[in-house]
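A.B. asks: Handing you this structure, nothing more for now.
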Amino acid sequence: MHAVLCAIPEELSALRQQLHVNERPSRHGATQVWTGEHGGRPVALAMAGVGKVNAAAAAAVLLDRYEASALIFSGVAGGLNPAFGVGSVLLGERLAIHDFGLIADRAFVRTASGINPIGAPMLEAVTPVRVDVQATLGRLRDAVAGRIDAPVALGSLITADYFLNCAATRDDLHAALGADAIDMESGAVAQVAAAWGAPLYVIRTLSDQAGDDSHLSFAQMAAMAARNSALCVSALLEILI
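Under the UniProt record's numbering, the residues of the sequence shown are numbered 1 to 241, in order.
This is the structure we're talking about:
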């Protein structure tokens, strides 16, 4: 079974339009899970909620209780790279949590996540995903070309437990890590998927450009961005069959 995760109602609504799932979900703590099929194959759809803890919990439920063979995260993100505008779809070929680390001499030092920050390597670049996942994302990019009215590219995504509403911080993150977008869940799901040995495919459409007015753009564009990602999920499931 392939399993799809999302965080917010706009993302869930867009995915329910693409996937044939039950009307009523099962509840596992904060995680809601709908089951059904897509292309004749079983699929699970989970509403995780916002943030790393919710996302990690939902991923664990899908991998353990539903024995998911692959995870897909579909949703929106804030843009860091000025080359990508609102509506652009980024397929996560590099993923990292960037608000994990240590504080020394009043300065925050980013380190690799999931291990003791003392002595851990510094996070200086976003981590590539598995080679097989990269190859599949490349196929997806080619498959959806011309099928949705938006640019689709492989990209680097970073995750943190905050909504970025600051142009100066956005520019600093892009310069420091070379990341293209920021979200609040993907890196946490990647850590859980790696622990289970399961592939993770992250599809994020930019709802805003993470600047001083990003809260306004998000409110206006989240539903559109979620639809673009959901369309790519449908195409990805066809590839994975």
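Where is the CB? At the ideal position from N, CA and C, for every residue including glycine.
Bear in mind that the values here come from a model prediction, so they are computed numbers and not experimental data.
(1) Determine the contact status of G75 and A235, defining contact as a CB-CB distance below 8 Å.
(2) Considering Cα atoms alone, identify which of A14, K52, A77, V86 is closest to D99.
(3) Are I158 and L177 close, meaning C-beta to C-beta below 8 Å?
(4) Roughly how many angstroms separate the alpha carbons of A96 and A120, rounded to a whole number?
(5) Hey, how far is the Cα of S13 from the Cα of E185?
(6) If we count the other Cβ atoms within 10 Å of its Cβ and call it buried at 16 or more, is I118 buried or exposed?
(7) Report the three-state DSSP secondary structure of R170 (helix, strand or coil).
(8) Counting beta carbon pairs with one atom in the stretch 198-210 and one in the stretch 72-89, are three or more of them shorter than 8 Å?
(9) Could you name the residues that DSSP lists as bridge partners for S74?
(10) Are the CB atoms of P199 and A58 within a distance shorter than 8 Å?
(11) Check whether the stretch 77-92 touches the stretch 145-162, taking contact to mean three or more Cβ pairs, one atom from each stretch, closer than 8 Å.
(12) Would you check if the distance between the CB atom of Q17 and the CB atom of A230 is smaller than 8 Å?
(13) By the DSSP assignment, the beta strand (DSSP E) with G36 in it spans what residues?
(14) Do A135 and L164 come within 8 Å of each other at the CB atom, strictly closer than that value?
(15) Please classify M221 as buried or exposed, where buried requires at least 16 neighbouring CB atoms within 10 angstroms.
(16) Hey, could you find the ends of the beta strand (DSSP E) M224 is sitting in?
(17) DSSP three-state label for S186, please.
(18) Quick one: what's got a C-beta closer than 7 Å to A112's C-beta in the same chain, skipping five residues either side?
(19) Can you give the Cα-Cα distance for A107 and V144, rounded to whole angstroms?
(20) Is Y66 buried or exposed, if buried means 16 or more other CB atoms sit within 10 Å of its CB?
C.D. replies: Taking the coordinates as given:
(1) no
(2) K52
(3) yes
(4) 15 Å
(5) 18 Å
(6) exposed
(7) helix
(8) yes
(9) I203
(10) no
(11) yes
(12) yes
(13) 31-38
(14) no
(15) buried
(16) Unbroken run through M224 is the alpha helix (DSSP H), 214-240; no beta strand (DSSP E).
(17) helix
(18) A120, P121, L123
(19) 43 Å
(20) buried
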